[in-house]
Every structure is written in structure tokens, then in C-alpha cells.
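Structure record follows, encoded as C-alpha cells.
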Amino acid sequence: MPELPEVEVVRRGLERWAGGRTVAGAQVLHPRAVRRHVAGAADFEARLRGRRFGPARRRGKYLWLPLDGGDSLVAHLGMSGQLRIQPAGTADEKHLRVRITFEDPAAGELRFVDQRTFGGLSLHPDAADTDCAIPDVLAHIARDPLDPAFDEAAFHAALRRSRTTLKRALLDQSLISGVGNIYADEALWRAKLHYERPTATLNRPRTLELLGHIRDVMHAALAEGGTSFDSLYVNVNGESGYFGRSLDAYGREDEPCRRCGTPMRRRPWMNRSSYYCPRCQPPPRPRRQKPKK
DNA sequence: ACGTTTTCCTGAGCGC
DNA sequence: TGCGCTCAGGAAAACG
Numbered sequence: 002m003p004e005l006p007e008v009e010v011v012r013r014g015l016e017r018w019a020g021g022r023t024v025a026g027a028q029v030l031h032p033r034a035v036r037r038h039v040a041g042a043a044d045f046e047a048r049l050r051g052r053r054f055g056p057a058r059r060r061g062k063y064l065w066l067p068l069d070g071g072d073s074l075v076a077h078l079g080m081s082g083q084l085r086i087q088p089a090g091t092a093d094e095k096h097l098r099v100r101i102t103f104e105d106p107a108a109g110e111l112r113f114v115d116q117r118t119f120g121g122l123s124l125h126p127d128a129a130d131t132d133c134a135i136p137d138v139l140a141h142i143a144r145d146p147l148d149p150a151f152d153e154a155a156f157h158a159a160l161r162r163s164r165t166t167l168k169r170a171l172l173d174q175s176l177i178s179g180v181g182n183i184y185a186d187e188a189l190w191r192a193k194l195h196y197e198r199p200t201a202t203l204n205r206p207r208t209l210e211l212l213g214h215i216r217d218v219m220h221a222a223l224a225e226g227g228t229s230f231d232s233l234y235v236n237v238n239g240e241s242g243y244f245g246r247s248l249d250a251y252g253r254e255d256e257p258c259r260r261c262g263t264p265m266r267r268r269p270w271m272n273r274s275s276y277y278c279p280r281c282q283p284p285p286r287p288r289r290q291k292p293k294k
């Protein structure tokens with residue numbers, strides 16, 4: 002389950018191993034892996050041939066490689082996606098979905114491997130109305146907290162304006178991108194905030210503190226060289242990262258809170274789970290709807 | 001227009 | 001041994 006730091010590691014790997022190279026051919030082995038390329042697998046393959054990759058870019062968990070001529074190859078790893086550079090002739094992975102070969106085959110081929118096929122590749126033109134070059138399909142994705150241009154004031158204003166709850170807001174890609182279930186729980190634990198706290202109750206310093214914790218937990222992951230929760234994630238060099246040792250909240254049901262020792266809790270939340278410390282992160286007092294007599 | 005729910009997909013893990 | 005069930009996850013479509 003790659004989160005933003007893992008995706009950043011993949012970006013760096015793509016930049017080093019695919020940037021500047023020219024595509025010899027592309028082979029789609031599973032149509033679902035290119036389902037977001039609406040013109041279809043054959044079109045995807047045809048339009049990649051002969052194109053040269055520019056420097057790899059990222060926003061949130063989306064990756065893209067600009068192509069000479071204007072479009073970009075957009076990638077999302079989903080839950081189980083991997084991008085790997087493999088020597089030509091290496092046995093196909095069981096869940097190999099797309100293979101991209103280059104005009105300099107000695108430097109290896111690019112493979113998209115994805116067991117659960119939530120991820121995928123597609124080609125898109127750049128958005129016309131943005132100051133920075135970004136594929137049109139990503140124009141609605143907010144900047145991520147590691148982006149120097151992330152607008153903290155606008156994020157705080159959005160929290161104040163909205164009537165939603167904290168974790169929902171953290172996972173809302175139009176407000177802030179790149180925060181997944183794991184790091185949302187980690188950052189909320191660090192900030193001692195409950196996941197169902199109404200966003201409008203945060204004052205500015207509290208919002209900034211929460212953003213600081215999000216960045217801290219992501220930087221910590223990056224410092225470990227890109228991390229992951231299980232072996233499904235592999236970076237472009239085929240090395241798997243692991244951040245499990247550093248998790249303070251996610252997956253720690255019934256284990257003692259590392260701050261106060263209280264057993265951590267897990268609660269069902271939006272068809273998944275939220276982990277929190279009931280003492281450090283007390284639930285918000287239910288808003289009184291109508292004063293009962 | 002907004003917030004919420006459902007959907008997509010596969011394999012690991014579990015109870016029986 | 002194997003069946004059927006639950007769970008995991010991001011993001012977009014569908015729903016209210």
C-alpha cells in the first residue's frame with residue numbers, strides 16, 4: 002500500500018532509470034491496467050512508441066512522465082502497484098500488466114506489476130489553464146503537504162468552511178492530496194486529535210500543527226528510504242521498503258499507546274478502520290442537535 | 001452544490 | 001482440503 006513517501010521514492014527511481022529514454026514499444030497484458038486510457042490498449046501502445054520521457058513528476062500519489070510532444074504518461078499505483086526496471090528477458094512477474102521497452106534495451110525495461118489492479122497507466126494531455134504543467138486529469142488534485150506551494154491558509158479556510166470531520170478532510174483529494182488511511186491515523190495520533198472531530202473547530206495554530214505532523218510522518222518515512230506496509234510495494238529497483246516499526250497508531254489495536262499506555266482502539270470507519278488512543282484522542286462531544294427539554 | 005455511499009479487484013487469512 | 005466469508009485500500013461514480 003504505497004503512500005506518498007513510497008510514491009516519491011518511485012518517482013526518484015523513474016527519474017533516474019526512465020527519464021530521457023525513448024520508448025521502443027509498449028505491451029498491455031491486462032486491459033484493466035489501462036482502463037483510464039479511454040482510447041484503449043492498442044491506442045496506448047501506439048502512442049507511446051517512439052516517445053521520449055522527460056523528468057518524472059508527482060502530485061500526491063499520482064506520478065507522471067512528460068513525453069516529448071506534449072502528453073504525459075500518468076501512473077497510479079493503487080494498492081498493490083509496482084513500477085520496476087528489469088533486465089530484458091527477466092521472467093514475467095505473475096501480475097505483470099504493462100511492459101515498456103526502450104531503444105537502449107541494455108538499460109532494462111519498465112514494468113507495471115499490480116496484483117489487485119486498482120492502479121493503472123494512461124496517457125493524457127497537459128491541462129491548458131494551469132500555470133504549472135500537469136496532466137488535465139490531475140488538475141483537480143490538490144497539492145500535497147510536501148509541495149512547497151501547498152497553500153496552508155487555503156487549507157485552513159476550507160476546514161473552517163466545511164461541516165465535515167477531520168479524517169474525511171484529510172482523505173479528500175480536493176483539499177489535500179497524498180494522505181492515505183495509514184498516515185492520516187498516524188498524524189492524528191501525533192496531533193492528539195480524534196478522527197471524527199469537526200474540522201470547523203480547529204483554530205489556525207491547530208491546523209498548522211496537524212500539517213506539521215503530517216509532514217513529519219512523511220519525512221520520517223522518506224528518511225527510511227521509502228516505506229511500505231507489506232511486500233506488495235516494491236520500488237523501481239525491486240527493493241521493498243518497510244515502515245511498520247515506526248507506526249504509532251495504525252494496526253495497533255489493543256496495544257498500549259506509546260504516549261500514555263492506554264490500549265489503542267480500532268473502529269470501523271468508511272468500510273475500513275481508524276486506529277486511535279481513547280485517552281490522548283478523546284472523541285468530540287456529540288453536537289447537541291436540539292436541547293432536550 | 002454538497003456530503004455520503006458504493007463500486008472497482010484480488011488474494012490472504014480465517015472459521016467451519 | 002476446500003468453501004465461503006471478511007478485509008485491505010484510493011478515488012471516482014452514483015446517490016441523496
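Residues in the first sequence are numbered consecutively from 2, following my numbering. Just so it is clear, CB atoms sit at the ideal spot from N, CA and C, and this is done for glycine as well. These numbers come from a predicted model, not from an experiment.
{"query": "Can you check whether the CB of residue 216 is closer than 8 Å to the CB of residue 147?", "result": "yes"}
{"query": "Would DSSP call residue 1 helix, strand or coil?", "result": "Residue 1 lies beyond the range of the chain shown here (2 to 294); nothing can be said about it."}
{"query": "Assuming the contact rule is C-beta atoms closer than 8 Å, residue 282 and residue 172 should be a hit. Round their C-beta distance to whole Å, please.", "result": "That belief does not hold up - the Cβ atoms of residue 282 and residue 172 are roughly 17 Å apart, past 8 Å."}
{"query": "Give me the residue from 200, 127, 144 with the minimum Cα distance to residue 175.", "result": "144"}
{"query": "In terms of residue numbering, what span does the beta strand (DSSP E) encompassing residue 102 cover?", "result": "97-103"}
{"query": "Apart from the five residues on each side of it in sequence, which residues of its chain come closer than 6 Å, Cβ to Cβ, to residue 274?", "result": "267"}
{"query": "With distances taken from CA atoms, which of 204, 81, 78, 111 is nearest residue 91?", "result": "111"}
{"query": "I need the straight-line Cα distance from residue 161 to residue 200, nearest angstrom please.", "result": "6 Å"}
{"query": "Would you mind giving the Cβ-Cβ distance between residue 54 and residue 26, rounded to the nearest angstrom? I have them listed as a contact below 8 Å.", "result": "So it is not a contact: roughly 14 Å between Cβ atoms."}
{"query": "Sorted by chain position, which residues of the same chain lie with C-beta nearer than 6 Å to residue 128's C-beta, five sequence neighbours on each side aside?", "result": "135, 137, 140"}
{"query": "Quick one: using the 10 Å Cβ neighbour count with 16 as the cut-off for buried, is residue 278 buried or exposed?", "result": "buried"}
{"query": "In angstroms with no decimal places, state the Cα-to-Cα distance between residue 167 and residue 45.", "result": "39 Å"}
{"query": "With a threshold of 6 Å on Cβ separation, who are the neighbours of residue 33 within its own chain once the five nearest residues in sequence on each side are excluded?", "result": "118"}
{"query": "Please go through the region 66-153 and give each complete beta strand (DSSP E) segment of 3 or more residues, from N-terminal end onward.", "result": "72-77, 82-87, 97-103, 110-115, 121-126"}
{"query": "By DSSP, does residue 247 sit in helix, in strand, or in coil?", "result": "helix"}
{"query": "Please list the terminal residues of the continuous beta strand (DSSP E) segment that includes residue 269.", "result": "266-270"}
{"query": "Label residue 261 either buried or exposed according to how many other C-beta atoms from any shown protein chain fall within 10 Å of its C-beta, with 16 as the threshold for buried.", "result": "exposed"}
{"query": "Quick one: grab the DSSP three-state call for residue 57.", "result": "coil"}
{"query": "With which residues is residue 28 paired in a DSSP beta bridge?", "result": "100"}
{"query": "At what residues does the alpha helix (DSSP H) containing residue 184 begin and finish?", "result": "182-192"}
{"query": "Roughly how many angstroms separate the alpha carbons of residue 222 and residue 249, rounded to a whole number?", "result": "13 Å"}
{"query": "Kindly list the residues whose CB is nearer than 8 Å to the CB of residue 210, restricted to its own chain and excluding five residues on each side of it in sequence; keep chain order.", "result": "192"}
{"query": "Per DSSP, residue 165 forms a beta bridge with which residues?", "result": "None; residue 165 has no bridge partner."}
{"query": "Under a three-way DSSP split, which group does residue 50 fall into?", "result": "coil"}
{"query": "Could you check whether residue 28 and residue 99 sit closer than 8 Å to each other, using their CB atoms as the reference points?", "result": "yes"}
{"query": "On the CB-based measure, 16 or more other CB atoms within 10 Å of its CB, does residue 178 come out buried or exposed?", "result": "buried"}
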